[in-house]
């Protein structure tokens, strides 16, 4: 068995931008005035390479000697320093560790080594036990990360626990309202209690059996706001437009929408809910019914607004598709800002690529509460607005820079109505693909 090697990499003074930003962040937002200095170190645990391979990759892959300091096995810290480490949860993608392992494999031309990474934060100054706990809670988002042990493991093999048989929710179909309410709370479901009641009726009347826990969890996932867009599909029963500078404009626009609904749906208008999704789609529906949207492309293959245009290529006229793709990641970004915003951009790129289109540019429109709000005023169970806002911006730019997409418009709206619900409608993309070849495969 290969031994486990441990490396600590720290930016040299003048290049320690992350550490400098963190100390300002902690002082301003947590009020830790006794904090004098912060150090940030990236830790790597490595196994599966020889001594020669390790030495060859040390200052080529894991660090840049001009800007990084490297400590092997241990690093220097004062006895009074407060130290904690954080790492991704099992199952979360660790890009730093994966990239390092791939780079080592390029050098060795052998099997990919096992590498785990963590980030160490060293706090220097007069920090109380309570402040230390607050700092750790502020830095570690439990949705994606956890506090890591400071001890070096004997091996990097993941512990595999044999899962138990899938639990059947015995008696689910005959539970009383009180019992069902207790189950709803115990499972921590995202669906509403009314949704769970609907599930009970379905399994009782249609399936005539009790469901498994897996079935309820899958339904809970697919009925979430992320998958089903419950916010956009929520029935709007009453609209009140407050008097103000633009109130007449808003009233006229909403009245035009209602008139358009009546024209598009006719006798069935009463059976169609007024919702945000319907408002967004009504203009297109009216144009199509009037026959003024003849260039609209309708296809089961493409999840985007697509129109057919004539393009002159090398002297010949060809049909091309111009596509506009929107992606929302409100809830994912709210609970995991970096990854939520990054994969929002990823979705707007990935979906058009599945239709063999070329992505040209992006637009980012987001919204939150006031990011300057005190951490102590954060709503229970939510991340601070500042953490969401800055983390989302970092996630978007990270993905965008890596894939090389141009973002021509970036706008962020700050409003108190967005405190309880983050708005992450990050991208509206334009893509072009040669129309005939779409169906040639």
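Residue numbers (our numbering): 1 to 441. Glycine included, C-beta positions come from ideal geometry on N, C-alpha and C.
Can you check which of these residues, the options, is closest to residue i by C-alpha distance?
| i | options | result |
| --- | --- | --- |
| residue 328 | 282, 15, 177 and 229 | 229 |
| residue 395 | 179, 85, 112 and 339 | 339 |
| residue 285 | 270, 259 and 308 | 259 |
| residue 203 | 189, 219, 188 and 191 | 219 |
| residue 42 | 88, 346, 250 and 336 | 88 |
| residue 410 | 113, 373 and 345 | 345 |
| residue 263 | 242, 83, 289 and 404 | 289 |
| residue 270 | 242, 276 and 237 | 237 |
| residue 91 | 393, 127 and 144 | 144 |
| residue 257 | 239, 242 and 279 | 279 |
Identify whether residue i lies in helix, strand or coil by the three-state DSSP scheme.
| i | result |
| --- | --- |
| residue 184 | helix |
| residue 126 | coil |
| residue 220 | helix |
| residue 89 | coil |
| residue 34 | coil |
| residue 98 | helix |
| residue 386 | helix |
| residue 148 | strand |
| residue 105 | helix |
| residue 409 | strand |
| residue 12 | coil |
| residue 372 | coil |
How far does the alpha helix (DSSP H) with residue i in it reach, from first residue to last?
| i | result |
| --- | --- |
| residue 198 | 193 to 202 |
| residue 22 | 17 to 30 |
| residue 444 | Given that the chain is displayed from residue 1 to residue 441, the structure contains no residue 444 and the question cannot be resolved. |
| residue 362 | Taken as a continuous stretch (DSSP letters only), residue 362 belongs to no alpha helix (DSSP H), being part of the beta strand (DSSP E) at 358 to 368. |
| residue 342 | 337 to 354 |
Roughly how many angstroms separate the alpha carbons of residue i and residue j, rounded to a whole number?
| i | j | result |
| --- | --- | --- |
| residue 406 | residue 412 | 17 angstroms |
| residue 268 | residue 261 | 10 angstroms |
| residue 265 | residue 272 | 8 angstroms |
| residue 11 | residue 152 | 22 angstroms |
| residue 106 | residue 363 | 36 angstroms |
| residue 366 | residue 5 | 43 angstroms |
| residue 382 | residue 318 | 51 angstroms |
| residue 97 | residue 18 | 19 angstroms |
| residue 84 | residue 130 | 14 angstroms |
| residue 209 | residue 45 | 49 angstroms |
| residue 312 | residue 401 | 32 angstroms |
Under 8 angstroms from any heavy atom of the ligand NAP, does the C-beta of residue i make it?
| i | result |
| --- | --- |
| residue 139 | The model depicted lacks the ligand NAP and carries no ligand whatsoever. |
Ends of the beta strand (DSSP E) at residue i?
| i | result |
| --- | --- |
| residue 225 | Here residue 225 belongs to no beta strand (DSSP E); instead the alpha helix (DSSP H) covers 225 to 228. |
| residue 140 | Taken as a continuous stretch (DSSP letters only), residue 140 belongs to no beta strand (DSSP E), as it is neither H nor E. |
| residue 78 | Neither: residue 78 is in no beta strand (DSSP E) and is coded neither H nor E. |
Is residue i close to chain D? Criterion is C-beta to C-beta, closer than 9 angstroms.
| i | result |
| --- | --- |
| residue 337 | Here chain D cannot be found, since the structure has a single protein chain. |
Ignoring anything shorter than 4 residues, give me the alpha helix (DSSP H) runs that lie fully in the region 150 to 182, in order along the chain.
none
Inside the region 264 to 333 only - beta strand (DSSP E) runs reaching at least 3 residues: 305 to 313 and 316 to 327
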